[in-house]
Amino acid sequence: MTEPTFTPRVFSGIKPSGGLTLGNYLGAIKRFVGMQGGAFETIYCVVDLHAITVWQDPAELAQATREVAAGFLAAGIDPSKSILFNQSMVSAHAELGWIFNCVARLGWMNRMTQFKEKAGKNAEKQSLGLYAYPSLMAADILIYHATHVPVGEDQKQHVELTRDIAAKFNHDYKTDFFPLTEPVIEGPATRVMNLRDGTKKMSKSGESDMERINMLDDADAISKKFKKARTDPAPLPETLDGLKDRPEARNLVDIYAALSDTTPEAVIAEHAGAGWGAFKPALADLAVSKLAPISDEMGRLMNDPAEIDRILRSGADKARVIAEPILQRTYDIVGLLR
Ligand code: AQP
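One gets the numbering used here by counting positions in the sequence shown from 1 and adding 726 to each.
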């Protein structure tokens, strides 16, 4: 049997569970911009239904949804080149998500490390939604027959689960309807780490504000956070190998490389032997020069929430045109009358 051909199409999303961080920017948004206008159709989404898997204050959720949308736009997502919308406006995500809840196996869900990390010792008290999150994520991707998903390293397991769900659906219903989507995890900043603990990921919802750079931080806050970032006493080594077992140092080098569009090797070559007293201010200046134009533009956009909402609604109209026929065909395959 010949494989069906799928349109090269990118889908990815960010959940509005707080303000955007440098991790979201370098690991996701900057790369989303890079894939726009080339070989792929690009679809980017503010995944608000994922945000409510943990409690969100309604007014703050609406604000964070607009902030993430503003972050996409300010960083260079162009609504004339990419489809940009928020997930809850396209109900096909949730509808396909239910079908995938019936395809995914409990054993698969039990292996998801993100649920284990987020639930901690309190799994019994977590929402059912947090547990089922990866099958909704599979639906987000497959409702567009997306072939590629740019994500940070932390989402790799969920994209692999998406492939498992597509493969099981195709097998069970004797079809080749869903593609086996490829994760795209590239560049020096696929896992930006917490500034206070280099073994943990930088997260929007981390406990202390000092552990992350927020996209809306001003120059003073960015300088202060990098200055106080945990490091070891040794200077930067002569080669990248010298950063083995130095997670905090490696993280700052990776951030520098990602911000300056170069490689960690090139950063080391340029700064070998430098102490933190020199490297941290250079990193802070670089971060401010790259982030300030984006945060200024985010601020400007957020002063006009009606315009952000209009852009999201228009994106949702375009998203539905792709999603609806895929949902209807899925219903036919499953045997649901309509
Ligand atoms: N620290 C990171 N380094 C690289 N990439 C990252 N991403 C998130 N944090 C980092 C990538 O950003 C995209 C959107 O992620 P998300 O917001 O939907 O979910 P998340 O990964 O759970 O993000 P947070 O910031 O950690 O949120 P909370 O604290 O609410 O759980 C994804 O591509 C992700 O890989």
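We put the CB at the ideal spot given by N, CA and C, even for glycine. Nothing here was measured: the structure is a model prediction, and the numbers come from that model.
### Task
Could you tell me if GLU964 is buried or exposed, where buried requires 16 or more neighbouring beta carbons within 10 angstroms of its beta carbon?
The residue in question, GLU964, is exposed, as its Cβ has fewer than 16 Cβ neighbours within 10 Å.
### Closest by C-alpha distance to PHE903, when choosing among HIS871, ASP866, ALA785
For PHE903, the closest C-alpha among the options HIS871, ASP866, ALA785 is that of HIS871.
### Task
Please indicate yes or no: does the CB of HIS819 lie closer than 7 Å to some heavy atom of ligand 1?
no
### Task
Go to HIS874, then tell me how far its alpha helix (DSSP H) extends in each direction, as first and last residue.
From DSSP, HIS874 is part of no alpha helix (DSSP H) but of the beta strand (DSSP E) over 874 to 876.
### Query
CA-CA distance, GLY932 and ARG972?
22 Å
### Task
Could you tell me whether any non-hydrogen atom of ligand 1 is closer than 7 Å to the CB of SER931?
Result yes, Cβ under 7 Å from ligand 1.
### Message
Could you check if GLN762 belongs to the surroundings of ligand 1, using beta carbon to heavy atom distance under 7 Å?
### Response
no
### Query
Under 7 Å from any heavy atom of ligand 1, does the C-beta of GLN789 make it?
Not under cutoff, so the answer is no.
### Query
Taking three-plus beta-carbon pairs below 8 Å as touching, is the segment 1010 to 1018 in contact with the segment 987 to 1000?
no
### Message
Given 7 Å as the limit, tell me if GLN852 has its C-beta closer than that to any heavy atom belonging to ligand 1.
### Response
Here the distance from the Cβ of GLN852 to the nearest heavy atom of ligand 1 is not below 7 Å.
### Message
Nearer than 7 Å: is that true of the beta carbon of MET1028 relative to any heavy atom of ligand 1?
### Response
no
### Query
Any chance the CB of ASN750 is under 7 Å from a heavy atom of ligand 1?
Yes, since a heavy atom of ligand 1 falls inside the 7 Å radius drawn around the Cβ of ASN750.
### Continuous alpha helix (DSSP H) stretch holding GLY855: start and end
854 to 868
### Nearest to ALA800 (by Cα), restricted to the options VAL759, GLU974, MET936
VAL759
### Query
Shortest alpha-carbon distance to THR768 belongs to which of LYS1044, ASN836, GLN1054, ALA1032?
LYS1044
### Task
Note the first and the last residue of the continuous beta strand (DSSP E) segment covering SER808.
808 to 812
### Task
Just tell me which of THR1056, LEU978, GLY1001, SER853 has its CA closest to the CA of GLN782.
SER853
### Task
For LYS1006, count neighbouring Cβ atoms within 10 angstroms of its own Cβ and tell me buried if that reaches 16, exposed if not.
Counting C-beta atoms within 10 angstroms of its own C-beta, LYS1006 has 16 or more neighbours from the protein chains shown and is therefore classed as buried.
#### Entry: Proximal residues to ILE869 (C-beta, below 7 Å), its chain only, five neighbours per side dropped
Excluding the 5 residues flanking it on each side, ILE869 has same chain C-beta neighbours closer than 7 Å at ALA818, HIS819, LEU822, ALA1049, ILE1052, LEU1053, in chain order.
### Task
Can you give me the Cβ contacts of THR888 inside the same chain, cut-off strictly under 6 Å, excluding the 5 residues immediately before and after it?
ALA864, ILE867, THR907
### Query
What three-state label does DSSP hand LYS927 in the structure shown?
strand
### Task
Can you check the segment 739 to 811 for any beta strand (DSSP E) of at least 3 residues that lies completely inside it and give the ranges in chain order?
Listed in chain order, the complete beta strand (DSSP E) runs (minimum 3 residues) inside the segment 739 to 811 are 767 to 772.
#### Entry: Short Cβ contact (8 Å threshold) for ALA1010 with PHE952
yes
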